[in-house]
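Chains A and B, in that order, are what the protein sequence lines are. Using this note's numbering, you'd call the opening residue of the first sequence number 53 and step up by one each time. Using this note's numbering, you'd call the opening residue of the second sequence number 155 and step up by one each time. Even glycine gets a Cβ: it sits at the ideal position worked out from N, Cα and C. On a predicted model such as this, the values are computed, not experimentally measured, just so you know.
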Amino acid sequence: MTSLRFSRKQLCIPYALFLILFVVIPMLMILFYAFTVSTPDGIRFSFSNLVNFFTSEAKLSTLLMSFTIAIISTAVCLVIAYPIAYILARSKLKKKQVLLMIFILPMWINFVLRITALRELLNAIGLLESHNYLCTIIGMVYDFLPFMILPLYTSLEKLDNSYLEAAADLGGNKFNVFTKITFPLSMPGVISGITMVFMPSMTNYVVSDTLSNFNITILGKQIDQYFTTYYDWHMGSMISIILLVIIFLSMLLTGGFKDSKNDARGANLW
Amino acid sequence: MVKKILSVAACVLVLLFIYSPILLLVVYSFTEATVIGQWTGFSFGLYGDLFRDSDIMGILFNTIWLALVAAVLSTILGTAGAIGIFYSRRKVAKPLQAVSQIPVINAEIVTAIALALLFSMVMLYRTYFSLIIGHMVLCTPFVVLSVMPKLKQMDPNMYEAALDLGASPRQALFKVVIPQAFTGILSGFMLSITLSLDDYIVTAFTKPETFDTISTYVYNAVKNGTNSSTPALRALSALIFVVMIAAVLLLNLRARKHTKKEGAR
Chain A
53 MTSLRFSRKQ
63 LCIPYALFLI
73 LFVVIPMLMI
83 LFYAFTVSTP
93 DGIRFSFSNL
103 VNFFTSEAKL
113 STLLMSFTIA
123 IISTAVCLVI
133 AYPIAYILAR
143 SKLKKKQVLL
153 MIFILPMWIN
163 FVLRITALRE
173 LLNAIGLLES
183 HNYLCTIIGM
193 VYDFLPFMIL
203 PLYTSLEKLD
213 NSYLEAAADL
223 GGNKFNVFTK
233 ITFPLSMPGV
243 ISGITMVFMP
253 SMTNYVVSDT
263 LSNFNITILG
273 KQIDQYFTTY
283 YDWHMGSMIS
293 IILLVIIFLS
303 MLLTGGFKDS
313 KNDARGANLW
Chain B
155 MVKKILSVAA
165 CVLVLLFIYS
175 PILLLVVYSF
185 TEATVIGQWT
195 GFSFGLYGDL
205 FRDSDIMGIL
215 FNTIWLALVA
225 AVLSTILGTA
235 GAIGIFYSRR
245 KVAKPLQAVS
255 QIPVINAEIV
265 TAIALALLFS
275 MVMLYRTYFS
285 LIIGHMVLCT
295 PFVVLSVMPK
305 LKQMDPNMYE
315 AALDLGASPR
325 QALFKVVIPQ
335 AFTGILSGFM
345 LSITLSLDDY
355 IVTAFTKPET
365 FDTISTYVYN
375 AVKNGTNSST
385 PALRALSALI
395 FVVMIAAVLL
405 LNLRARKHTK
415 KEGAR
C-alpha cells in the first residue's frame, strides 16, 4: 500500500522541479542582482542600488506618480463597479448571470487590442493628444473594471437577504442598512477587487504607453527601461524588489487575499 | 420606479463605456478610411487586405499555436502537479502550493525579467524554449488552482475501490481520478489559453527577436507609429472581438445549462 501512495505523490516531482527552476531560482537571481553592482573587477555586493533609488528624485517621483495613478484608477473602478455589482447581484432577474457575463466579457479579449481600440476612440474625440494622465487613467479603468466587478458581485450575491430584512425590521433606514450591513459584509469583495486593480495599475505599462503616447513612465515601465534601454539589470532588479515589497505590504494590510485572483479570473466561469 | 430607471441607466452607461471602443472598431473595419472618424463608404476591403497580408496571418497563426502548446503543456504539468500535491504530506504540499502562488500574485513584469535573467545566464534568452517556459510559468499555477478543488470534492474511497477491484495504480489514476477532476482540468486548459492569448509582458521578454504574437505586433505598431498606416489591423481586431464575444457567450450559456442539469440531479 505504501508503494502505491508513493507513486501518486511522485506526480508532483516534475512540477516541483519546474517551480524551483523557473520560479524560485529566477526570483533569487533578482535578489542577487538587486544587491550587487557590476564593476570592472567583476560583480560585487552593494547597497548602492537601494541608496540610489531612494536618493534619486526622478525615481521617487516616478514611484509617487505611479502610486497616484494606481490609487485614482482603483478608486474610480470601485465607484463604477460597486453600483453595477450591487444592481446585478440584487436583481431578481432570472438571467442575471448572463447579464454579469456581458459586463465581464472583455476579460477574455486580448487587452492590447482593447486598449488600442480605446486609443482610437480617445483619438477620435480629441482627448489622446493632450491629456496623457486622463487617458492613462481611463485606460486602466477600462482594462481592469471587470476584475473589480466580479469579486464585488460574488460577495454581494452571497449576502443573506434575511440580514437586510432583520436590519430593516429593527428600524434601520435604507442608508443605515447599507452602511452598517451591506457594505461591511461586502468588504471581502472590495478588498480583493482593490488588490486585483491596484497592482496592475502600477505595472501594466502597455496601457500607459499606448494611451499617453509613451509620455508617462509608471513603475512597471521603469523596470522595463532598466532592462531594455539602459541595460542596468542591477537597478532594474532593485526596482522589482521594491515593487515586491509594495505588493507584500499591501497584502499584509488587506489580509486574506488568498486565491482572489483566481476567483476573479473566473476559473468557475469557463 | 425611479430606482429602477436609475439602475438601468447606470448599467447602460457602463456597458456603453465598455463596448463603445469595440463597436467603433467593428464599424470602421467596414470602410477603407485610414483614419477613424472619416467614413469613406462601406467596403469589405480591409478584410481582403487582412487575409492577403501574410505577415499578419503568420502572426495570428503564431499566437494560436503558442497558446495551444503552452496550454497543453501547462495542463499536463499542472494536473500532475495538483494530483501529486493532493496526495503529498502537508510538509511537502504546503510549500509547493505557496511557491505555486508566486506567479499568480507577482507583477508580470517581475516574472518576465526574472525569467530573462535566468535564460540569459544559460544562453537560452529569446528562444522558443524561453517563450514556452514563460507562458507555462503564467498558466500552470492556474491549472493547479482549478484542478485542486475537484480533487478535494472527490470521494477518496473511489480510488481505493478501483485498486481493490484489480485496477493498477496507473489505471486507477486514468480511469478514476482524472475523469473525476475533468471539469477542473478543462477549465484550467481554457484559462491557460486565455492567459497565453492575452499576454504581452512575459512574451516581450522571452520571445525570439523575429517571433511576434498579436500583442507584441500591435504594441510595436503603436510604438513605431505605423498603427494607423495598417488599417488591416482594424479588421483583425474587429474579427477577434466578434469571435471572442461569440465564443465566450456560447460556451458559458452551454456550461450554465450543464451545471443546472447537474444541480437538479
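Return yes when the Cβ of methionine 290/B is within less than 8 Å of the Cβ of serine 228/B, no when it is not. yes
Inter-stretch contact at 8 Å, needing at least 3 Cβ pairs: the stretch 170-180 of chain B / the stretch 366-374 of chain B: no
DSSP state of phenylalanine 97/A mapped onto helix, strand, coil: strand
From valine 168/B to valine 193/A, what distance separates their C-alpha atoms? 11 Å
Output the distance between the C-alpha atoms of aspartate 221/A and isoleucine 233/A, rounded to the nearest integer angstrom. 13 Å
By how many angstroms is the C-alpha of isoleucine 190/A removed from the C-alpha of asparagine 268/A? The sequence given here places isoleucine at residue 268/A; asparagine does not occur at that position. One C-alpha to the other measures close to 14 Å.
If you reduce the DSSP assignment to three classes, tell me which class threonine 88/A lands in. strand
Please return the same chain residues whose Cβ sits closer than 7 Å to the Cβ of serine 346/B, not counting the five positions on each side in sequence. Ala224, Ala225, Ser228, Thr229, Cys293, Phe296, Val297
Could you have a look at valine 168/B and say whether DSSP puts it in helix, strand or coil? helix
Counting only runs of 3+ residues fully inside the stretch 184-249 of chain B, write out the beta strand (DSSP E) ranges in chain order. none
Give every residue of the same chain whose Cβ lies closer than 8 Å to the Cβ of leucine 151/A, excluding the five residues on either side of it in the sequence, and list them in chain order. Leu140, Ser143, Leu145
Sequence-distant residues of the same chain with beta carbon closer than 6 Å to alanine 163/B, five excluded per side: none
Can the beta-carbon of alanine 268/B be found less than 8 Å from the beta-carbon of methionine 251/A? no
Comparing the C-beta of arginine 60/A with each C-beta of chain B, is any distance below 8 Å? yes
Per DSSP, what kind of secondary structure is proline 66/A in: helix, strand or coil? helix
Straight-line CA distance for isoleucine 399/B to tyrosine 313/B? 40 Å
Spell out whether any CB of chain B is found under 8 Å from the CB atom of alanine 68/A. yes
Check glycine 223/A in the structure and name its three-state DSSP category. coil
Per-residue DSSP class, three states only, for glutamate 363/B: coil
How many angstroms separate the CA atom of arginine 171/A from the CA atom of threonine 262/A? 7 Å
Where does tryptophan 193/B land, buried or exposed, given buried means 16+ other C-beta within 10 angstroms? exposed
Excluding the 5 residues preceding and the 5 following tyrosine 257/A in the sequence, name in chain order all residues of the same chain whose CB lies nearer than 7 Å to its CB. Ile270, Gly272, Lys273, Asp276
Alpha carbon to alpha carbon, how far is leucine 208/A from leucine 349/B? 27 Å
Please tell me whether phenylalanine 215/B has its Cβ less than 8 Å away from any Cβ of chain A. no
Counted within 10 angstroms of its Cβ, other Cβ atoms place tryptophan 285/A as buried (16 or more) or exposed: buried
Helix, strand or coil at methionine 155/B according to DSSP, with G and I counted as helix: coil
For alanine 138/A and tyrosine 205/A, I'd like the C-alpha separation in whole angstroms. For clarity, residue 138/A is tyrosine in the given sequence; the question names alanine instead. The straight-line gap from Cα to Cα measures roughly 7 Å.
Verify whether the separation of the beta carbon atoms of valine 164/A and tyrosine 354/B is less than 8 Å. yes
Return yes when the Cβ of phenylalanine 105/A is within less than 8 Å of the Cβ of isoleucine 291/A, no when it is not. yes
Specify the secondary structure class of arginine 57/A as computed by DSSP and reduced to three states. In this predicted model, arginine 57/A has a pLDDT of only 49, less than 50, meaning its place in the structure is not dependable enough to derive any value.
Under 7 Å between beta-carbons, which chain A residues line up against serine 242/B? List them in chain order, please. Lys61, Cys64
Considering Cα atoms alone, identify which of Ser264/A, Pro240/A, Val259/A, Tyr278/A is closest to arginine 305/A. Reading the sequence as shown, one finds leucine at residue 305/A and not arginine. Per the Cα distances, Pro240/A.
Is leucine 71/A near alanine 261/B, with beta carbons less than 8 Å apart? no
Ends of the alpha helix (DSSP H) at tyrosine 185/A? 184-210
Proximal residues to serine 260/A (C-beta, below 6 Å), its chain only, five neighbours per side dropped: Thr188, Ile268, Ile270
Can you tell me the Cβ-Cβ gap for methionine 254/A and phenylalanine 196/A, rounded? I've got them flagged as a contact below 8 Å. Contact doesn't hold; Cβ gap of about 11 Å is too wide.
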